[in-house]
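Under full-length UniProt numbering, the first residue of the sequence shown carries the number 1, and numbering increases by one thereafter.
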Amino acid sequence: MDTPPFEIKCADDIMDISLSKCSNLIAVAIVDGSVEMFGKELWRCDDKVMHSAEISRVFCVDDKSFFSGDENGVVKLWNPIPGKTTVETFEKHQDYISDFDYCPSRESVVVASADGSLSFISVKDREIVYQTTTCNDELLSCCVVKRGEFVCAGTQEGVVNIYRWDDEEEITDRITGHPESIDGMLKVDEDTICTGSDDGVLRVVQVMPNLFLGVVGMHEFPVEKMEWTFEKKFIATCSHDNVVRLFDMSILEDDGEESEEEEKDSSDSDESEEEDAPKESKADSKKRREKPLPAKNLKRQKVEKKDTGFFDDL
């Protein structure tokens, strides 16, 4: 008989979970508006301070702080210490909380809401630093890039809004090209993000300059949630089915030495062929140069700032 999986039983139906990146803790959002933390011992919030609405997102910062956001736009910051629990409540948003991300260099959490705004909360000071002006679209996902200088936010219309940190009024740039809403977003590195769209496609996108680098995976249904594995070798995703998929992200590794060797070998080979073979026409030469590149050296395609999507034909 197969060994049954390790199970954690909660008080009611689970709406969302978040794993701490620095400890063996799991934060769980419960349908009744309560939150629980599982580690060496169980912690559950007091009924007097639980959410009054259904929780939409929960997010672990570390073993001392985690956030929860509900359908009414209320955000709570928890300090889950048994017997010494503290909680701060923020009521700045007018619609459900869709996503969180953390910026270590600023010790702040970015909160995305369907009301079209981002708020920035200082974990250290336990207060809202500022909130952006509401845009005319729902914000469904977010991540911090460029070493904390910018924040990307995915919208219902399939646009990535780029905000400069500390700028409350202006959207610095936009990345168009996604044919449908951007429901999930993860940072690959400081200049690159991976987006999960309602069309089921996982795209790798460079930020400023804005370039679509390629597709790493596809679903039959919309992408609902995306998370890195601990060693950041795979992205785990879930969709509108009963399958958790793991996508190998090693194709994004840039092996500079190998690429240089391949280019050198190719160059030497081309020179030898040119000496032995008759001269090619310009059309033949162009055709030969445009052969497909390996996945790790995907040719970068510039994002055109128009409504038609680069991946519309997928």
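All C-beta atoms in this analysis are idealised placements derived from N, C-alpha and C, irrespective of residue type, glycine included.
Every value quoted in this text rests on a predicted model; they were computed, and no experiment measured them.
Contact check, residue i vs residue j, beta carbons under 9 Å
i      : j      : result
Val75  : Glu54  : no
Ile97  : Asp70  : yes
Gly73  : Ser141 : no
Ser52  : Gly33  : yes
Val111 : Phe67  : yes
Val160 : Val216 : no
Phe230 : Asp248 : no
Asp95  : Ser113 : yes
His93  : Asp115 : yes
Whole-angstrom distance between residue j and residue i, CA atom to CA atom
i      : j      : result
Arg164 : Ile8   : 40 Å
Asn24  : Leu77  : 19 Å
Glu168 : His240 : 35 Å
Cys45  : Cys103 : 25 Å
Lys48  : Asp191 : 43 Å
Val129 : Ile251 : 38 Å
Thr132 : Thr89  : 19 Å
Glu157 : Asn136 : 10 Å
Asp16  : Phe38  : 14 Å
Ile162 : Cys152 : 5 Å
Ser56  : Gly214 : 30 Å
Glu260 : Glu253 : Here the model assigns Glu260 a pLDDT of 47, short of 50, so the residue's position is not dependable, and the following value carries that caveat. Going from the Cα of Glu260 to the Cα of Glu253 covers about 14 Å.
Ile175 : Leu211 : 9 Å
Glu220 : Pro179 : 15 Å
Ile121 : Glu107 : 9 Å
Val123 : Pro80  : 14 Å
Val58  : Lys64  : 14 Å
Cys238 : Val244 : 5 Å
Val201 : Asp166 : 32 Å
Thr155 : Gly148 : 20 Å
Lys232 : Met50  : 33 Å
Asp198 : Gly83  : 43 Å
Ala11  : Asp99  : 24 Å
Met218 : Arg203 : 9 Å
Buried/exposed call for residue i, threshold 16 Cβ in 10 Å
i           : result
Val188      : buried
Ile193      : buried
Val145      : buried
residue 316 : Residue numbering for the chain in the displayed model covers 1 to 314; residue 316 lies beyond these limits and cannot be assessed.
Leu139      : buried
Leu42       : exposed
Pro209      : exposed
Leu246      : exposed
Cys22       : exposed
Asp125      : exposed
Ser105      : exposed
Ala236      : exposed
Glu36       : buried
For residue i: DSSP bridge partner residues
i      : result
Phe66  : Cys60 and Trp78
Trp43  : Met37
Asp101 : Val110
Met249 : DSSP, once it has assigned bridges, lists no residue as partnering Met249.
Cys142 : Ala153
Tyr163 : Val151
Arg203 : Thr195 and Val215
Gly184 : Gly196
Arg126 : None; Arg126 has no bridge partner.
Asp32  : According to DSSP, which records beta bridges pairwise, Asp32 is partnered with nothing at all.
* Are at least three pairs of beta-carbons, each pair with one atom in the stretch 180 to 191 and one in the stretch 211 to 231, less than 8 Å apart? -> These segments touch.
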